[in-house]
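Please read the structure below before turning to the comments.
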Amino acid sequence: MIIGTNYKIAYVHLTSKVKQTIVALLGVVFGISMYVFMNSFMSGVNDTQTTLAFTTLAHVHIYNDGPADRTNLVNSVYGPGVVANIRDPKVIQYTEGIKNSASIVSLVSKQPEVIGIAPQVNISVFFRNSGSKVNGNLSGVDVAEQEKLFGIAEYMIKGKWNDLLYQPNGVIIGSGLAHTLSLNIDDNVNVLTSDGFTHNYKVIGIFQTNIVNVDKITAYLNITAARQLLSKNQDYITDLQVNLNNFEKTPPLVSRLAPVIPYKVESWQTANQQLEAGSSLRDIIAMAVSLTILMVAGFGIYNIMNMTINEKIREIAILKAMGFSSGDVTTIFLAQAVVIGIVGGIIGLIFGFIFATIVNHIPFRIGGIDHLPMDYNVGDYVLAFIFGLITTLVAGYLPARKASKIDPVDILRG
Amino acid sequence: MENNIALKANHIVKHFYQPEPFEVLRDLSFEVKKGEFVSLIGKSGSGKSTLLYILSTMDTDYDGELYINNEKLTGQTRNQLAAFRNGHIGFVFQFHYLLPEFNVLDNIMLPALKLKKKSREEIEEKAYQNLKLLGLEEQALKLASKLSGGQQQRVAIARALINDPSIIMGDEPTGNLDSKNTQIVFDIFKELAREQGQTIITVTHDEDFAKNSDRVIEMSDGKIL
Numbered sequence: 012m013i014i015g016t017n018y019k020i021a022y023v024h025l026t027s028k029v030k031q032t033i034v035a036l037l038g039v040v041f042g043i044s045m046y047v048f049m050n051s052f053m054s055g056v057n058d059t060q061t062t063l064a065f066t067t068l069a070h071v072h073i074y075n076d077g078p079a080d081r082t083n084l085v086n087s088v089y090g091p092g093v094v095a096n097i098r099d100p101k102v103i104q105y106t107e108g109i110k111n112s113a114s115i116v117s118l119v120s121k122q123p124e125v126i127g128i129a130p131q132v133n134i135s136v137f138f139r140n141s142g143s144k145v146n147g148n149l150s151g152v153d154v155a156e157q158e159k160l161f162g163i164a165e166y167m168i169k170g171k172w173n174d175l176l177y178q179p180n181g182v183i184i185g186s187g188l189a190h191t192l193s194l195n196i197d198d199n200v201n202v203l204t205s206d207g208f209t210h211n212y213k214v215i216g217i218f219q220t221n222i223v224n225v226d227k228i229t230a231y232l233n234i235t236a237a238r239q240l241l242s243k244n245q246d247y248i249t250d251l252q253v254n255l256n257n258f259e260k261t262p263p264l265v266s267r268l269a270p271v272i273p274y275k276v277e278s279w280q281t282a283n284q285q286l287e288a289g290s291s292l293r294d295i296i297a298m299a300v301s302l303t304i305l306m307v308a309g310f311g312i313y314n315i316m317n318m319t320i321n322e323k324i325r326e327i328a329i330l331k332a333m334g335f336s337s338g339d340v341t342t343i344f345l346a347q348a349v350v351i352g353i354v355g356g357i358i359g360l361i362f363g364f365i366f367a368t369i370v371n372h373i374p375f376r377i378g379g380i381d382h383l384p385m386d387y388n389v390g391d392y393v394l395a396f397i398f399g400l401i402t403t404l405v406a407g408y409l410p411a412r413k414a415s416k417i418d419p420v421d422i423l424r425g
Numbered sequence: 743m744e745n746n747i748a749l750k751a752n753h754i755v756k757h758f759y760q761p762e763p764f765e766v767l768r769d770l771s772f773e774v775k776k777g778e779f780v781s782l783i784g785k786s787g788s789g790k791s792t793l794l795y796i797l798s799t800m801d802t803d804y805d806g807e808l809y810i811n812n813e814k815l816t817g818q819t820r821n822q823l824a825a826f827r828n829g830h831i832g833f834v835f836q837f838h839y840l841l842p843e844f845n846v847l848d849n850i851m852l853p854a855l856k857l858k859k860k861s862r863e864e865i866e867e868k869a870y871q872n873l874k875l876l877g878l879e880e881q882a883l884k885l886a887s888k889l890s891g892g893q894q895q896r897v898a899i900a901r902a903l904i905n906d907p908s909i910i911m912g913d914e915p916t917g918n919l920d921s922k923n924t925q926i927v928f929d930i931f932k933e934l935a936r937e938q939g940q941t942i943i944t945v946t947h948d949e950d951f952a953k954n955s956d957r958v959i960e961m962s963d964g965k966i967l
């Protein structure tokens, strides 16, 4: 029953000074809604960045890293003590691309986290249209798998991605490449490989990923047609692009696959450390800004609680004279802080959500985005609430402890 | 110790250190019997209020020993003393000190709700009894801050009585009241001492008030005259 009595006193304190309570509430509401908004925005930005990056980037990339340095074969037979003098060594490349790809594909597809594997035959070529010549990358792809991994059909601005399936003579080229070579749909483009093979293809589609470096040099071709161009067998691929159910979880897969696959197994993080750094930095900024706001809100609560306690110092003294213990007084004031924390927290979450939704609708048309990105992650909301509660608890506990230490004699004697 | 002793002070000495070291109470020893109505008088600075706050257990910074109802209170922790006050001591102050945001009934009930000896219904009934005793039953649901000074002081007395304390202490309980209200408060105290056997110790400046009580303890320069 005493618990009820303490809470009743706390309730009366909160409701009798409505303005002060509202000001304290607003502090928490502002802090928490900002926390929610900042984090939603930053993770929205990170997600957009990731999506953009993964339009051309797989989570794990398996490829032939080129031959090792084998210019001194004598040492590998006789050991390092033997002096060998080899002039003008030439590397005779035994393997190009990935041999025996079927067994590798079946091994990789057995891994539980793998959700997609796209084999590719990437060929470094010159694209030519009469006078103009562009050095670029002709990518022979498995049409369905490529779409599954990179969702490229979404970036088609002319033609249809699936047409590639049925037209062995057709290529889909990047918008930048089309522009440089003055190509349009149904035009012909000539391709020259580094080994001197040449072939004419018809442009059946144009895509635009908004990543300039990709749009300017890439063309897609059916993987069978690419093998034909190189006169390779049906098992030949140069790259294997692998996607996982969670793109953050590449290291365990890489460490499992690398020892058993005789080719380079590389995660996107290793290949693109700047992306990883960018995301982490943005997360840190969001965290720093929102925690600062919460801290300011905490100081607001601290001030208001201190004011309340100074105003009620005589009442606290009388409560103690009547036999309320220090613990009771702490409970009375801490309860007020907790109520402000919980109510302010809930309102703050709602406001944060509304604010995030509004900002989400602001138009922003750069690089294939049409409005500001926003992420709605339950975890952010839960964390915001917890941080808000901790802040109010700390901000309320210090004045409450001060109140509990009030000596009634000092106050009542005047 | 005899059973009819309500309060016993043994060689109480108290110093103030601010603004300069000063001995306020000099080796005071006395006893108060159960049901006695005692007035503490003396000039300002004689130490009577200081003594009252020591007797009330709120001030623990003194030398000597204090017994109430044969229980030694010197050396107990603040929370133990708070619990003791809650059950055994009722307070009436010069400036009534009600909680202004609560209604009269809640003000009176608070110490009993803290004590937890009775159910809420019993406490409420007791509170109404006390209000009736003091002629305030009409005011039960008004906010404490809406009452007149005399009424507030009577509410404070009703609150002091809620837990049937063995001792009621007053710090100039009539200091702020006109003569009519002073008379009412005095009569209530007298009745409580006579009929309920409650011990009453009040500090007062009012000579008539003191003269009519059972016993007067006059203080001067930290000593009982």
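Just so you know, the protein sequences line up as chains Z and G, in that order.
In this text, residue positions in the first sequence follow the working numbering: the first is 12, and each later residue adds one.
In this text, residue positions in the second sequence follow the working numbering: the first is 743, and each later residue adds one.
Where a beta carbon is used, it is the ideal one built from N, C-alpha and C, also for glycine.
Three or more beta-carbon pairs drawn from the region 792-801 of chain G and the region 752-772 of chain G are found closer than 8 Å, and the two stretches are therefore classed as touching. For residue 30 (chain Z), the closest Cβ of chain G is not nearer than 8 Å. Chain G has a Cβ within less than 8 Å of the Cβ of residue 419 (chain Z).
The Cβ-Cβ distance between residue 160 (chain Z) and residue 69 (chain Z) falls below 8 Å.
When Z:132, Z:377, Z:73 are compared, the shortest CA-CA separation from residue 243 (chain Z) is found for Z:132. Sequence-ordered contacts of the region 785-803 of chain G with chain Z read 791, 795, 800, 801 [C-beta pairs closer than 7 Å].
Interface annotation, residue 40 (chain Z): not in contact with chain G, CB-CB separation never under 8 Å. Residues of chain G with a Cβ closer than 9 Å to the Cβ of residue 329 (chain Z) are, in chain order, 833, 835, 839, 840, 841. Residue 830 (chain G) counts as buried, since at least 16 other C-beta atoms from the protein chains shown sit within 10 angstroms of its C-beta. Residue 374 (chain Z) is bridged by DSSP to Z:382. Residue 148 (chain Z): member of the beta strand (DSSP E) spanning 143-152, first to last residue. Looking at the DSSP output, residue 784 (chain G) sits in a beta bridge with G:961. If you look at residue 86 (chain Z), you'll find it in the alpha helix (DSSP H) that goes 84-89. Taking a C-beta distance under 8 Å as the contact criterion, residue 865 (chain G) and residue 875 (chain G) do not qualify as a contact pair. Identification of residues in the region 922-948 of chain G having a C-beta nearer than 9 Å to some C-beta of chain Z yields an empty set. Counting only residues of its own chain and dropping the five nearest sequence neighbours on each side, residue 85 (chain Z) has a CB closer than 6 Å to the CB of 95.
The beta carbon of residue 335 (chain Z) falls within 8 Å of a beta carbon belonging to chain G, placing the residue at that interface.
With 16 or more neighbouring CB atoms inside 10 Å of its own CB, residue 347 (chain Z) falls in the buried class.
In the DSSP annotation of this structure, the continuous segment of the alpha helix (DSSP H) that includes residue 872 (chain G) starts and ends at 862-875.
The region 166-197 of chain Z contains, as complete alpha helix (DSSP H) runs of 4+ residues, the segments 174-177, 186-191 (chain order).
Put simply, the backbone Cα of residue 779 (chain G) is about 6 Å away from that of residue 935 (chain G). One thing to note: residue 885 (chain G) has its Cβ no nearer than 8 Å to the Cβ of residue 897 (chain G). Residues of the region 890-921 of chain G with a Cβ closer than 8 Å to any Cβ of chain Z, in chain order: 901, 913. Annotation: Cβ neighbours of residue 16 (chain Z) in chain G (cutoff 7 Å, chain order): 852, 855, 856. Not flagged as an interface residue toward chain Z: residue 752 (chain G), since no C-beta distance is shorter than 8 Å. Judged by DSSP in its simplified three-state form, residue 258 (chain Z) adopts coil rather than helix or strand. Residue state for residue 55 (chain Z) is assigned as helix, using DSSP reduced to three classes. Only residues of its own chain outside the window of five on either side were considered, and among them 276 have a CB closer than 7 Å to the CB of residue 269 (chain Z), listed in chain order. Residue contact with chain G for residue 322 (chain Z): absent (no Cβ-Cβ distance below 8 Å to any residue of chain G). Beta-bridge partners assigned by DSSP to residue 211 (chain Z): Z:201.
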